[in-house]
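There are 2 protein chains.
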Amino acid sequence: MAKYSIGLDFGTLSGRALLVDVSTGRELSTAVMEYPHAVMDEYLPDGVTRLAPDWALQHPKDYLEVVSRVVPEVLKDAGVSAADVVGVSIDFTACTVLPILADGTPLCFLPEFAHNPNAYVKLWKHHAAQDKAERINRLAEERGEKWLARYGGKVSSEWMLPKIWQTLDEAPEVYAKAAHFVEAGDWLTMQLTGRLVRNACATGYKAIWSKKDGFPTSDFCRALDPRLEHVVEEKLSGPILAVGDRAGEISESGAALSGLRAGTAVGVATVDAHVAVPAAGITTPGTMLIIMGTSSCHMLLGDKEVIIPGICGVVEDGIIGGYMGFEAGQSCVGDHFDWFVKNCVPAAYAEAAKAEGINIHKYLRERAKKLAVGESGLIALDWWNGNRSVLVDVDLTGMILGMTLTTKPEEIYRALIEATAFGTRKIIENFEQGGVRIERIIAAGGIAEKDEFMMQIYADVCNREIGISGSPQACALGSAMFGALAAGKAGGGYDSITEAAEHMAKVKDVVYKPNADNAAAYDELYAEYVQLHDYFGRGANDVMKRLKAIRKKVRS
Amino acid sequence: MAKYSIGLDFGTLSGRALLVDVSTGRELSTAVMEYPHAVMDEYLPDGVTRLAPDWALQHPKDYLEVVSRVVPEVLKDAGVSAADVVGVSIDFTACTVLPILADGTPLCFLPEFAHNPNAYVKLWKHHAAQDKAERINRLAEERGEKWLARYGGKVSSEWMLPKIWQTLDEAPEVYAKAAHFVEAGDWLTMQLTGRLVRNACATGYKAIWSKKDGFPTSDFCRALDPRLEHVVEEKLSGPILAVGDRAGEISESGAALSGLRAGTAVGVATVDAHVAVPAAGITTPGTMLIIMGTSSCHMLLGDKEVIIPGICGVVEDGIIGGYMGFEAGQSCVGDHFDWFVKNCVPAAYAEAAKAEGINIHKYLRERAKKLAVGESGLIALDWWNGNRSVLVDVDLTGMILGMTLTTKPEEIYRALIEATAFGTRKIIENFEQGGVRIERIIAAGGIAEKDEFMMQIYADVCNREIGISGSPQACALGSAMFGALAAGKAGGGYDSITEAAEHMAKVKDVVYKPNADNAAAYDELYAEYVQLHDYFGRGANDVMKRLKAIRKKVRS
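What follows is the structure, encoded as structure tokens:
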């Protein structure tokens, strides 16, 4: 009798379930649901409370709705009984954080806080705590805090501590009421099991925690703000379990929510990107996985902890037990093209695409494909949503250069794609300069899956072969693997992630090989990118930050 | 019995006639016709001969069609007899140049040259002779040619000599066959009078000629290219007459073409921008006229010749007799917004504008108007068509910076408008640093006439009052004034341009006054503009030129 595991993958705009056969890795069914409130960046659900620039919130109610909808749906679609599901595990965007009561109730569910922005989920791309991140970085540098180097020398405004501090500062009543600040993935796992468990992956990468040294000291936190002195004990308590551990089992209320049977094994949550590494069969150093979606995440295993500037973090056991897990990222990839299509593509193109019966992205790509490398004369800096690696600076903004009166939309579109590829190459070179070798690249996520044109540009720009992860739902598959791991061999699953990977991981036959002529031509353009990258990104001309500061002042 | 004069104004895309009452300046009727071949920048009229990047040609047949259409039309519309027209004069874009036979036949009319791009009219914005301009500049600098300083230290690729040299180089057979290279305005005047006369305005500003020193020496021309040694005597012969002089009178064939009576006085042609200065009543130093159309032209009278880097030229008697005429320019203003609307405005906006029953420019302006200064966080360099003043470099390209995922089309639109205003402020400051005072600004042209939003931004950015020329057809009115001048008092016109201006020139009551808060906010943004202007424009990072060179190589 076949046994199954369910992976639950929560992205920026939707959540999905994937039902997988534990012994073969076969994906039987998948269901996806968009969050009804999507990303709230202008107003709260009340429609009147306005959000300042750089805010990005979500509603935790949406996550519960997704679970209650997609889990029953995959079971029904596949004709599988909940009794044959041995385990389930969740992966989630991070750091996506919310304040909750001790019983798990999100503060935004309380009527008194319904109109308080700080009571909602701060999504990973909430960037309004930049001043806090800067003060953390300044103080950590001054004090020589050794954890700073693990994160490439900079804490991001996207992380846990700046977001908590912003809440304390702007809404002390929310801070006071919160029993915990918790990653949304851990919160949702708690909704299934009834028990709060924090995952070492998100806690390590986003909350400045390490297995060896724990969190920043109370002394450091007090120096930041006296009110923060006990933030770790008071707001971040609870066991921190390793990736691959068992968080618990489905409770009665978890069963009512999900339709799974009480007692089913539940894995510790992970960060959505990281879980895709074993799903692509990567269990040793030397291969980089790039998850390409709205943003991109670059992950890599290493034998030893080395300090690399501008990466997002290095966390022991953070991706696969027994290795250092390195992470870097680009905060704007798919988002880039969506912005472009929504704001910059003329009616004539939209009509022509419609007439041809194709998606506007496809229409643009088909035209962009006909251009030779360098033919447009354009170059862009891919910083529409700041720069995560290697500059770690959310106050950087986008730039495009080279326009003439004959510049066409498909040329700009291609330049934006190339800019994200140059950004990836910068990350790769940064790792190698730091002594972490990269022999092979595997890409996963929607773009890797669907966009041959873009993948070929990446191969040409990076001058490396790029393989493609075998599952269109790499993250959900990874979570299903961790669900099987939570069950353990005795429970119908596996006892190690490598064992699970042997049976369940997948890589496609497709390999994008660099075209030598294009690679040579891109070398020349990449040199220009690097020069502009350093000029605008490393302090020679901080015009982007100054303009952003003016913008903020004017809008406030 | 009232007497009339006709001004013929030839712009980038169309030609127009304006019928004016000589004694009152009243504009009785106007007629306009678009050039059937518009600007040819991809193919010759044969539809198969492809043009390289940076080419911009026109067909001289179009100009003849315009004359034969619009002159009879204004007479008919106003119910005026050709017998009551005392004079006519032409203003034309410059340097817009064509090779002709001794009898005036354009070489492109000959079947043997119909497929030869170099036989057509090279429009002012033809930029494919950039290498020639650079060699002229280098040699002139090496030899210390004193005329170089008159032109701000740089000859532009838009001018006569680079364009002639390109023809010699690429199509020696066209060069050999040509009896003259001539400004289109002078050629068209020749079609009316039967006699070739060159105008001092275009010859001074665009052909490196001065009343005092003549053309560059044959020694200089030989050093450029031995084949050019006698270019002045062989290809640029003919009398050079001052602005305001009489070129001749309508010939029999000129009468057949235009419907005017043989013997009617014809003025010497002028450059379209310059002729608008007296039309706005400017006959003394201290007031700058800005003609704002597809490109912008800035003109100013001065008491003495001073050397100012980066201007287009200073020509004695070039605008008004008795003064030095200074000229500067921006090569992409209205073109900018047309490019944007054609290539970057999403379907949703086009539909919304349609639903509101307004033009898309108006729709964008209404949204852009609601933004506060600095609110968009954007800044642009207005170099989509190179930079004329003060950098004199057609190989510079556009740049925009500050985009985020919430950037909206109207924000980009406004940033482009602001960029052109910053460019104008740079020109004003450059004149003042050079010792030429500017107390007042008057604007003319389509944008000045119609776009209150843009004019207010210019007033705020420049922190000066801006008046508006009184005629919507300032150039054509200026030509009509020169037509009256050609007739002379005895012929029913005037004997001096100041006298003509007293009766015929016009300024509106409208004055745009700077808003102090906006002006202060713009000071901050302008400082950013200047820093980027100098970084990309003065050699710190020649990325724009390198990308343009790559583009050219790839496309050739």
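Protein chains in written order, with our numbering: chain A, 3 to 558; chain B, 3 to 558.
Backbone N, C-alpha and C define an ideal beta-carbon position, used for all residues, glycine too.
Short CB-CB distance (under 8 angstroms) between residue i and chain B
i: residue 346/A; result: yes
i: residue 301/A; result: no
i: residue 381/A; result: yes
i: residue 463/A; result: no
i: residue 316/A; result: no
i: residue 411/A; result: yes
i: residue 334/A; result: yes
The beta strand (DSSP E) enclosing residue i, as first and last residue numbers
i: residue 299/A; result: 298-304
i: residue 1/B; result: Missing from the structure shown is residue 1/B; chain B here goes from 3 to 558 and no further.
i: residue 321/A; result: It is not in any beta strand (DSSP E) - residue 321/A carries neither H nor E in the DSSP assignment.
i: residue 382/B; result: 381-383
i: residue 285/B; result: Note, residue 285/B: premise wrong, no beta strand (DSSP E); not H, not E.
i: residue 91/A; result: 87-94
i: residue 449/A; result: Run containing residue 449/A: none in the beta strand (DSSP E); it sits in the alpha helix (DSSP H), 448-452.
i: residue 251/A; result: 248-251
i: residue 405/A; result: 400-405
Backbone CA spacing between residue i and residue j [nearest angstrom]
i: residue 45/B; j: residue 52/B; result: 5 angstroms
i: residue 528/B; j: residue 455/B; result: 18 angstroms
i: residue 119/A; j: residue 186/A; result: 16 angstroms
i: residue 379/B; j: residue 404/A; result: 20 angstroms
i: residue 358/B; j: residue 509/B; result: 33 angstroms
i: residue 447/A; j: residue 295/A; result: 6 angstroms
i: residue 167/A; j: residue 134/A; result: 7 angstroms
i: residue 69/A; j: residue 365/A; result: 35 angstroms
i: residue 258/A; j: residue 461/A; result: 47 angstroms
i: residue 225/B; j: residue 218/B; result: 11 angstroms
i: residue 430/B; j: residue 515/B; result: 17 angstroms
i: residue 2/A; j: residue 38/A; result: Beyond the ends of chain A as shown, which are 3 and 558, falls residue 2/A; an answer cannot be given.
i: residue 347/A; j: residue 348/B; result: 5 angstroms
i: residue 285/A; j: residue 500/A; result: 7 angstroms
i: residue 255/A; j: residue 149/A; result: 39 angstroms
Interface flag, residue i vs chain A, CB-CB below 8 angstroms
i: residue 307/B; result: no
i: residue 402/B; result: yes
i: residue 159/B; result: no
i: residue 545/B; result: yes
i: residue 337/B; result: yes
i: residue 378/B; result: yes
i: residue 520/B; result: no
i: residue 537/B; result: yes
For residue i, the first and last residue of its enclosing alpha helix (DSSP H)
i: residue 190/A; result: 186-195
i: residue 409/A; result: No alpha helix (DSSP H) contains residue 409/A, which DSSP labels as neither H nor E.
i: residue 256/B; result: 254-260
i: residue 147/A; result: Taken as a continuous stretch (DSSP letters only), residue 147/A belongs to no alpha helix (DSSP H), as it is neither H nor E.
i: residue 368/A; result: 362-371
Cross-strand partners of residue i (DSSP beta bridge)
i: residue 335/B; result: Answer by DSSP bridge pairing: none, since residue 335/B is not bridged.
i: residue 509/A; result: 471/A
i: residue 16/B; result: 36/B
i: residue 273/B; result: 94/B
Under 7 angstroms from the C-beta of residue i: neighbouring residues of chain E
i: residue 557/B; result: No chain E is part of this structure, whose protein chains are labelled A and B.
TODO: Pair every Cβ in the stretch 466-483 of chain A with every Cβ in the stretch 435-453 of chain A, then say whether three or more of these pairs are closer than 8 angstroms.
DONE: yes
- [ ] Tell me, please, whether the stretch 92-103 of chain B touches the stretch 475-486 of chain B by the rule of three or more beta-carbon pairs shorter than 8 angstroms.
- [x] yes
TODO: Could you say if the stretch 406-415 of chain B and the stretch 409-420 of chain A meet the contact criterion of at least three C-beta pairs nearer than 8 angstroms?
DONE: no
Open item on the list: Can you confirm whether the stretch 216-234 of chain A touches the stretch 278-297 of chain A when touching is taken to mean that 3 or more C-beta pairs between the two stretches lie within less than 8 angstroms?
Closed with: no
TODO: Taking 8 angstroms as the threshold, find out whether the stretch 157-164 of chain A comes into contact with the stretch 135-143 of chain A through three or more Cβ pairs.
DONE: Yes, the stretch 157-164 of chain A is in contact with the stretch 135-143 of chain A.
Open item on the list: Could you check whether the stretch 302-316 of chain B touches the stretch 185-203 of chain B, counting it as contact only if at least three pairs of C-beta atoms, one from each stretch, sit closer than 8 angstroms?
Closed with: no
Open item on the list: With three or more beta-carbon pairs closer than 8 angstroms as the criterion, would you say the stretch 321-333 of chain A touches the stretch 264-276 of chain A?
Closed with: yes
Open item on the list: With three or more C-beta pairs closer than 8 angstroms as the rule, is the stretch 112-126 of chain B touching the stretch 171-187 of chain B?
Closed with: yes
Open item on the list: Across the stretch 517-533 of chain A and the stretch 52-61 of chain B, are there enough close Cβ pairs to call them in contact, namely three or more that are closer than 8 angstroms?
Closed with: no
Task: Cβ contact (3+ pairs, closer than 8 angstroms) linking the stretch 482-498 of chain B and the stretch 265-272 of chain B - done: yes
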